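*Asks:* Before we start, here is the structure in question, set down as structure tokens.
Protein chains: 2
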Amino acid sequence: MTGQTSVSGQVTLAHGSGGRASRELLRTVIESSFGHAVTQHDSAVVAGSDSLAITTDTFVVSPRHFPGGDIGRLAVFGTVNDLAVAGADPRYLTCGLVLEEGLELSELAGICSSMATAAAEAGVDIVAGDTKVVARGQADGMYINTAGVGFVDDRVHLGFEEIRPGDVVLVSGDVGRHGACVAGMRQDFGLSHDIHSDCAPLAQLCRVMLEAGTVRYMRDATRGGLGAVVTELALASGTRFQLVEDDIPVQGAVRAVCELLGLSPLHLACEGRLVAVVAEPDADAILAAMRSIDVGSGSCRIGVVREGDEPPVTLLTYLGVETVLSLPAGELLPRIC
Amino acid sequence: MTGQTSVSGQVTLAHGSGGRASRELLRTVIESSFGHAVTQHDSAVVAGSDSLAITTDTFVVSPRHFPGGDIGRLAVFGTVNDLAVAGADPRYLTCGLVLEEGLELSELAGICSSMATAAAEAGVDIVAGDTKVVARGQADGMYINTAGVGFVDDRVHLGFEEIRPGDVVLVSGDVGRHGACVAGMRQDFGLSHDIHSDCAPLAQLCRVMLEAGTVRYMRDATRGGLGAVVTELALASGTRFQLVEDDIPVQGAVRAVCELLGLSPLHLACEGRLVAVVAEPDADAILAAMRSIDVGSGSCRIGVVREGDEPPVTLLTYLGVETVLSLPAGELLPRIC
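So this is what it looks like as structure tokens:
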């Protein structure tokens with residue numbers, strides 16, 4: 051309960067990357083101060099007469115408008131998806147706005163409308179809100195926090211500890227699109243209009259997956275991309291994830307942006323994609339269920355879970371060479387979500 | 051569900067005041083975009099097998115450390131109190147951090163520790179969190195969002211519509227202390243060490259009040275102070291609140307800061323005070339219960355609810371003159387919480 055006096059240094063952009071530095075900050079500063087772990091999953095599930103899933107996310111994406119969405123849409127779907135991958139039925143959102151003095155009211159209204167539309171699409175109610183205004187130069191336009199509450203069916207059992215060798219790894223569509231879309235806009239390659247963010251709600255997808263077979267664990271691949279998710283799952287479950295590089299779907303335009311920027315699509319954020327680890331006998335049925343939903347029409351099997359824990363994730367290249375997937379230590383693209 | 055195209059103008063600091071401009075922004079921009087009202091109360095209470103109370107608040111207070119608390123303590127108690135005054139038993143908090151690049155990690159650790167201590171004092175668990183980092187100049191150090199979930203006993207019925215003429219208005223202690231504390235620090239009058247923020251959790255106080263008699267409505271007096279709360283309650287219930295100026299407790303040092311700054315203590319934020327409207331026959335019993343708790347030891351009866359609705363709030367001065375309490379239109383003290 052008492053603060054550590056030994057922490058020194060400053061916050062860096064790498065601390066916001068969703069990668070190794072983020073995990074380090076959470077572990078050494080935030081959780082050790084709280085005296086306990088905050089949930090490692092996307093939502094905390096707390097016991098009650100119904101199980102409640104509770105989550106929070108702040109959105110600072112820049113630019114605020116991009117092909118396929120805006121900060122408001124992202125803020126609704128991001129939190130809905132964190133509830134959905136925890137196996138919850140997303141129900142209620144809160145909306146905390148930090149506005150910079152000088153923001154155009156018309157833009158604020160447009161983003162709030164966008165949140166309303168997104169909430170209706172995802173079947174959630176925005177039930178409470180708060181607005182703070184800070185002076186010019188104390189924020190960059192606007193930041194949005196959404197916290198979410200959902201209900202979890204008692205029959206749902208998702209957890210790192212459920213993951214075992216022989217399980218199959220699925221992804222719900224092509225990866226890296228949100229990150230490439232935002233990066234493309236910032237750099238003005240003239241490519242950006244080719245890439246739409248994948249920003250979408252995943253609750254219906256999660257529901258049909260849970261009905262179709264045994265899902266061990268799901269996670270939406272946001273900051274840090276597919277790479278961060280599979281690394282975290284492998285580390286947390288003490289297994290090794292063996293992925294087949296060619297089986298991971300990536301749009302051509304996303305590949306092009308990645309080549310220009312020297313990034314891997316596996317490390318770029320998605321905002322409407324999930325990674326699932328499922329029981330091998332049920333993999334085909336779950337995949338078929340995923341493909342029956344629009345947002346999951348591009349779902350694929352991308353690898354398997356193996357015994358052993360070092361290295362956590364390997365990639366089989368198209369030449370059959372097994373390479374190690376390493377996490378970037380720092381921040382590739384600040385303010386991607 | 052569609053955005054209004056007619057909104058023009060920019061966000062101003064007045065929009066963050068908690069006063070008239072804030073209400074206007076909420077009504078004309080945010081709620082009309084959402085297509086429905088967000089809760090007017092401190093928490094939304096949503097129906098379920100248990101009734102859930104859900105709330106959110108973002109904290110941008112400057113400076114982050116002040117006598118009697120810091121931004122972390124404020125962020126925990128602020129959200130706990132919003133749940134408590136809704137009649138809920140506060141249970142779970144989320145914590146969304148926006149950190150500016152360059153923030154000292156030791157300060158972050160201290161504030162997280164402070165949140166942990168505050169959560170333990172208030173009997174809530176911080177169950178989920180999120181951290182975003184923005185570049186230098188895109189935030190001022192750190193902002194904290196806390197969302198909260200609590201359970202509401204079915205026997206609790208609080209609402210604007212419960213307020214009726216003849217009811218008694220109570221306050222749980224001296225007012226304006228948090229605002230005067232922060233204002234004093236900013237202006238460096240050499241007075242600040244005399245004034246400690248009243249920052250405190252109110253859940254236990256609310257519990258004993260609800261057990262002691264019929265409470266019509268409660269609200270913690272934060273941004274906009276006591277004045278904003280009583281005005282809002284009078285307007286929402288279509289009644290007139292008649293307060294007795296001399297009965298409203300204000301610390302001497304708070305009065306002194308207010309005189310220097312030309313502010314009224316009735317418009318300064320509190321962070322550990324609530325205003326309650328209670329049934330007249332139960333007022334003494336409720337007051338006694340409030341005074342039995344440390345945080346409510348300075349509780350007072352400050353006025354009554356009258357028929358009629360114009361002006362919403364009057365003050366009886368010590369000469370027996372009835373004056374009108376008007377709300378400041380703009381922002382007295384930006385970033386007070």
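For the protein sequence lines, the chains are R and L, in the order given.
FYI, the numbering for the first sequence is 51 to 387, going by my numbering.
FYI, the numbering for the second sequence is 51 to 387, going by my numbering.
Where a beta carbon is used, it is the ideal one built from N, C-alpha and C, also for glycine.
Note that the coordinates shown come from a computational prediction; the quantities given were computed from them, not determined experimentally.
Taking the C-alpha atoms as reference points, what is the distance between residue 51 (chain L) and residue 176 (chain R)?
*Replies:* Here the question's residue 51 (chain L) lines up with position 1 in the second sequence. Here the question's residue 176 (chain R) lines up with position 126 in the first sequence. Note that residue 51 (chain L) scores a pLDDT of 38, beneath 50, so its modelled location is shaky; the value from the coordinates is reported in the next line. Cα to Cα, residue 51 (chain L) sits roughly 13 Å from residue 176 (chain R).
*Asks:* Looking at the C-beta of residue 268 (chain R), does it have a partner C-beta in chain L at a distance below 9 Å?
*Replies:* Position 218 of the first sequence, counting from 1, holds the residue named residue 268 (chain R). Residue 268 (chain R) does not count as touching chain L.
*Asks:* Out of curiosity, what's the CA-to-CA distance linking residue 344 (chain L) and residue 324 (chain L)?
*Replies:* Translated into the one-based positions of the second sequence, residue 344 (chain L) becomes position 294. Translated into the one-based positions of the second sequence, residue 324 (chain L) becomes position 274. In a straight line, the C-alpha of residue 344 (chain L) is about 14 Å away from that of residue 324 (chain L).
*Asks:* Give a yes or no on whether the minimum CB-CB distance between residue 82 (chain L) and chain A is below 9 Å.
*Replies:* Going by chain labels, chain A is absent from the structure shown, which instead holds the protein chains R and L.
*Asks:* So, is the C-beta of residue 115 (chain L) closer than 9 Å to a C-beta in chain R?
*Replies:* Residue mapping note: residue 115 (chain L) aligns to position 65 of the second sequence, counting from 1. It does not; no Cβ of chain R falls within 9 Å.
*Asks:* In this structure, does DSSP put residue 246 (chain L) in helix, strand or coil?
*Replies:* Counting from one through the second sequence, the residue named residue 246 (chain L) turns up at place 196. The answer is coil: DSSP assigns residue 246 (chain L) none of H, G, I, E or B.
*Asks:* Could you tell me whether the Cβ atoms of residue 268 (chain R) and residue 329 (chain R) are closer together than 9 Å?
*Replies:* Position 218 of the first sequence, counted from the first residue, corresponds to residue 268 (chain R). Position 279 of the first sequence, counted from the first residue, corresponds to residue 329 (chain R). Against a cut-off of 9 Å, the Cβ pair of residue 329 (chain R) and residue 268 (chain R) comes out as no contact.
*Asks:* Taking Cβ-Cβ distances below 8 Å as the criterion, which residues of the stretch 138-155 of chain L are in contact with chain R?
*Replies:* So the close ones are 141, 142, 144, 145, 146, 147, 148, 149, 150, 151, 152, 153, 154, 155.
*Asks:* Answer yes or no: does any C-beta atom of chain L fall closer than 9 Å to that of residue 158 (chain R)?
*Replies:* As a first step, residue 158 (chain R) is located in the first sequence; it is residue number 108 there, counting from the start. Interface residue, yes.
*Asks:* Give me the Cα-Cα distance between residue 65 (chain R) and residue 341 (chain L), rounded to the nearest whole angstrom.
*Replies:* Here the question's residue 65 (chain R) lines up with position 15 in the first sequence. Here the question's residue 341 (chain L) lines up with position 291 in the second sequence. Cα to Cα, the separation comes out at about 46 Å.
*Asks:* Name the two residues that bound the continuous beta strand (DSSP E) containing residue 129 (chain R).
*Replies:* Here residue 129 (chain R) refers to the residue found at position 79 of the first sequence. Note, residue 129 (chain R): premise wrong, no beta strand (DSSP E); alpha helix (DSSP H) at 121-134.
*Asks:* Of all the options L:174, L:195, L:361, L:338, which has the alpha carbon lying nearest to the alpha carbon of residue 262 (chain L)?
*Replies:* Start at 1 with the first residue of the second sequence, and residue 262 (chain L) comes out as number 212. When only C-alpha atoms are compared, the closest one is L:338.
*Asks:* Using the Cβ count rule (16 or more neighbours within 10 Å means buried), how would you classify residue 296 (chain L)?
*Replies:* To locate residue 296 (chain L), count along the second sequence from 1; it is residue 246. Exposed, since its Cβ has fewer than 16 Cβ neighbours within 10 Å.
*Asks:* Do you know offhand how far residue 60 (chain L)'s Cα is from residue 271 (chain L)'s?
*Replies:* For the purposes of this step, residue 60 (chain L) is identified with residue 10 of the second sequence, where counting begins at 1. For the purposes of this step, residue 271 (chain L) is identified with residue 221 of the second sequence, where counting begins at 1. If I take the Cα positions, the gap works out to 27 Å.
*Asks:* So who's on the other strand from residue 176 (chain L), going by DSSP bridges?
*Replies:* The residue labelled residue 176 (chain L) in the question sits at position 126 within the second sequence. Note: residue 176 (chain L) sits in a beta bridge opposite L:143.
*Asks:* Identify every residue that forms a DSSP beta bridge with residue 294 (chain R).
*Replies:* Taking the first sequence and counting its residues from 1, the one referred to as residue 294 (chain R) is at position 244. DSSP output for residue 294 (chain R) lists R:366 as bridge partner(s).
*Asks:* Mind checking which residues open and close the alpha helix (DSSP H) that includes residue 256 (chain R)?
*Replies:* Along the first sequence, one-based indexing puts residue 256 (chain R) at 206. Element bounds for residue 256 (chain R): 253-262.
*Asks:* Checking contacts by CB at 9 Å: is residue 108 (chain L) closer than that to chain R?
*Replies:* Here residue 108 (chain L) is taken as the residue at index 58 of the second sequence, counted from 1. For residue 108 (chain L), the answer is yes, since a Cβ of chain R falls inside 9 Å of its Cβ.
*Asks:* Judging by CA-CA distance, which residue of R:135, R:162, R:315 is the nearest neighbour of residue 81 (chain L)?
*Replies:* Within the second sequence, residue 81 (chain L) is the residue found at index 31, counting from 1. That would be R:162, whose Cα lies nearest to the Cα of residue 81 (chain L).
*Asks:* Check for me: the alpha helix (DSSP H) holding residue 302 (chain L) runs from which residue to which?
*Replies:* In the second sequence, the residue the question calls residue 302 (chain L) occupies position 252. Its alpha helix (DSSP H) spans residues 302-311.
*Asks:* Please identify the residue among L:355, L:238, L:183, L:169 whose C-alpha is closest to the C-alpha of residue 158 (chain L).
*Replies:* Your numbering for residue 158 (chain L) matches position 108 in the second sequence. Residue 158 (chain L) has its Cα closest to that of L:183, out of L:355, L:238, L:183, L:169.
*Asks:* If you run the structure through DSSP and keep just helix, strand and coil, what is residue 356 (chain L)?
*Replies:* Here the question's residue 356 (chain L) lines up with position 306 in the second sequence. If DSSP states are grouped into helix, strand and coil, residue 356 (chain L) belongs with the strands.
*Asks:* For residue 101 (chain L), which residues does DSSP report across the bridge?
*Replies:* Position 51 of the second sequence, counted from the start, is the residue given in the question as residue 101 (chain L). Looking at the DSSP assignment, residue 101 (chain L) forms a beta bridge with L:202.
*Asks:* Does the stretch 113-127 of chain L come close enough to the stretch 196-216 of chain R that 3 or more CB-CB pairs lie under 8 Å?
*Replies:* Cβ pair count under 8 Å is below three, so no.
*Asks:* So with Cβ pairs under 9 Å, would you call residue 61 (chain L) a contact of chain R?
*Replies:* Within the second sequence, the letter at position 11 stands for residue 61 (chain L). It does; some Cβ of chain R falls within 9 Å.
*Asks:* Quick check on the DSSP output: the beta strand (DSSP E) that includes residue 374 (chain R) runs from which residue to which?
*Replies:* To locate residue 374 (chain R), count along the first sequence from 1; it is residue 324. Start and end: 372-374.
*Asks:* Are there 16 or more other CB atoms within 10 angstroms of the CB of residue 87 (chain L), so buried, or fewer, so exposed?
*Replies:* For the purposes of this step, residue 87 (chain L) is taken as residue 37 along the second sequence, with counting starting at 1. Classification of residue 87 (chain L): exposed, given that the 10 Å Cβ count is below 16.
*Asks:* Would you decide whether residue 359 (chain R) is buried or exposed? Buried here means 16 or more other CB atoms lie within 10 Å of its CB.
*Replies:* Translated into the one-based positions of the first sequence, residue 359 (chain R) becomes position 309. It is exposed - the Cβ of residue 359 (chain R) has fewer than 16 other Cβ atoms within 10 Å.
*Asks:* Does DSSP put residue 320 (chain R) in a helix, a strand or coil?
*Replies:* Working through the first sequence from its first residue, we reach residue 320 (chain R) at position 270. If DSSP states are grouped into helix, strand and coil, residue 320 (chain R) belongs with coil.
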